[in-house]
Structures are given as structure tokens and as C-alpha cells.
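Q:
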Amino acid sequence: MGNSAINIDWRFGVLIVVLLGGAIAINRAMQLGSARAVLTGGARAVIQLGIVSLIIVWVLHQWWSTITFLIVMMLVGAATSSGRIENTWKRWYLTLIPITCGTLPTVALILLSGAVPMRPISVLPVCGILIGAAMTSTTLAGKRMREELHTRRGEVDAGLSIGLSDRDAIQLVAKPASALALIPALDQMRTVGLVTLPGAFIGLLLGGAPPLQAGAGQLLVLAGIQLVQAITVSMTVELVSAMRLTTRE
24 MGNSAINIDW RFGVLIVVLL GGAIAINRAM QLGSARAVLT GGARAVIQLG IVSLIIVWVL
84 HQWWSTITFL IVMMLVGAAT SSGRIENTWK RWYLTLIPIT CGTLPTVALI LLSGAVPMRP
144 ISVLPVCGIL IGAAMTSTTL AGKRMREELH TRRGEVDAGL SIGLSDRDAI QLVAKPASAL
204 ALIPALDQMR TVGLVTLPGA FIGLLLGGAP PLQAGAGQLL VLAGIQLVQA ITVSMTVELV
264 SAMRLTTRE
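Printed below as a string of C-alpha cells:
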């Protein structure tokens, strides 16, 4: 245990309870409205990470199991985004479009370049990070556009009144709103190494990689996230403009 990155014993369990309990207590005291979400999210994280920790070694033994695992990740990500944007996961197939369109070309470019070895143990973490980034940007863009289109409906109507198409009128509001979804990843890239030490960098270091190689790996991930999110946000804007997403109240 002395050589482990994380010591897993009773103190670890107590620490997790204290951290989540503190977050829940502050949420309730300040009436932030997320206390229940923190509780259920924490419980799900424990269960899901426990299951993944048990099966990940088996998943990485074969390409078919690795690909299946990645498909499941994309489907869950799509359902999660749909639930956040429209308060229902039933139209998950719509949010799957930007997530897929953002992730697949980026992963293909990375693998074809030879920067990442064509091995499940190398491909899975990179794909997982990019899928997560695609899900996050789809959710943030879609949810923000939904809110703005609701509060700024008059601007859309004004655009229609001067002869703009539905698509162009919606994009008057949707595009500026969607751009906010890109800010977290941009800030992370701007401050990496100064304010933040992202997971890929730390993971490579803990895995024994030289610092320079760890830095290169993190740079690859950050650049990939930028492409993924540029595509996913653009696709989400198009879905909203086509009135496929966010139009149902």
C-alpha cells in the first residue's frame, strides 16, 4: 500500500463521506438547489467507478470489448445531455449526433497520426476524455441556448419580421449563447501548468512517464478537446436552429 497513489482504507471512505457531506450541507444552507443532485451523483459515482474498476482489465484485453465500452460511454453521454437540455433522455438520439460528430473525427486524426499507440489501454483513456468533453459542451451549449431562446424570444420574432428564415433568426440568439460552452476548456488550456494540473498529465506521471512525455500527452488531449468541442457546439447550434432541440417546453 505504501507504493500506491491512493491509500484505500477506512480513512478513504470517511474522507469521501466528509467531502460529499460538506458539499450537501453547504448546498442546503445556501439553498443552491443541488443538494439532492450531489447525493445521488456521489452514490452513482461510487457504484459506477466500482463496477468499472472491476471490469476495466477485462475490457482492455480485446478490441471488441473496448469498442463496446466506448459505444456505451457515448450512449450514456447522449442520454445525460438530453436529460440536461430537455429534462428527458427520450430524445438521446439527437444529442448523440454532435457527440459522435465531434468525437469520431478527432479520435481518427489522433490514431492515424501515430501519436497514440493502437492499443486498447492507450486508446480507451483518450477516447473517454474526448467523449466526456463532447458531452459537456453539448450539454452546456444546448442548455444555454434553451434558456436564451426562452428569455429572448422577442429578438427571434424581430428577426422573422424582417424576413429572416427560422434558422437565421434563431441563430441570432443561439450562436452567442452557445459560445459560452467553449469557455471552460479554453480557460483550462490557457492556465494549464499555472493554475491546473489536469488528469492526463498527473496520470501519465503516476504511471511512470517522463515529465516531458506527460506534458506532450496532456497537450494532445487539450488540443483534441478544442476540436471536439468546436464541432459539437457547432452541431448543437445547427440542431437548435433546425428546431430539433430545445423547442419543446
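First residue of the sequence shown: 24, per this note's numbering; consecutive thereafter. We put the CB at the ideal spot given by N, CA and C, even for glycine.
#1: Using a Cβ distance threshold of 8 Å, determine whether the region 64-84 contacts the region 117-129, with at least three qualifying pairs required.
#2: Find the nearest neighbour of Thr89 within the set Gly36, Ser145, Thr126, judged by alpha-carbon distance.
#3: May I ask whether a heavy atom of the ligand PLP can be found less than 7 Å away from the beta carbon of Ala156?
#4: Going by other Cβ atoms of all chains shown within 10 Å of its Cβ, with 16 needed for buried, is Ile29 buried or exposed?
#5: Just the Cα atoms here: how many angstroms apart are Val130 and Ser184?
#6: To the nearest angstrom, report how far apart Leu248 and Thr255 are at their CA atoms.
#7: So, helix, strand or coil for Asp180, using DSSP?
#8: Which same chain residues end up closer than 6 Å to Phe35 when comparing Cβ atoms and leaving out the 5 residues on each side of it in sequence?
#9: Could you tell me the alpha carbon to alpha carbon distance between Ile47 and Leu62, rounded to whole angstroms?
#10: Name, in chain order, the residues that DSSP records as bridge partners for Val215.
#11: Give the straight-line distance between the Cα atoms of Glu171 and Ile31, rounded to the nearest whole angstrom.
#12: Could you have a look at Leu187 and say whether DSSP puts it in helix, strand or coil?
#13: When the distance is taken between beta carbons, is Ala204 closer than 8 Å to Arg167?
#14: Per the contact definition of three or more C-beta pairs closer than 8 Å, is the region 172-181 in contact with the region 214-223?
#15: Assuming Ala259 and Ser188 form a contact by the criterion Cβ under 8 Å, report the distance between their Cβ atoms to the nearest whole angstrom.
#16: Do the region 131-139 and the region 101-115 meet, that is, are 3 or more Cβ pairs less than 8 Å apart?
#17: Roughly how many angstroms lie between the CA atoms of Leu38 and Gly44, to the nearest whole one?
#18: Can you grab the Cα-Cα spacing for the pair Ala102 / Ala60, in whole Å?
A: In this structure, then:
#1: no
#2: Ser145
#3: Ligands in the displayed structure: none, and consequently the ligand PLP is not present.
#4: exposed
#5: 43 Å
#6: In the sequence on display, residue 248 carries Ile and not Leu. Answer to the nearest angstrom: the Cα atoms are 10 Å apart.
#7: helix
#8: none
#9: 7 Å
#10: Thr219
#11: 45 Å
#12: coil
#13: yes
#14: no
#15: Ala is not the amino acid found at residue 259; the sequence shown has Thr there. Contact doesn't hold; Cβ gap of about 19 Å is too wide.
#16: no
#17: 10 Å
#18: 17 Å
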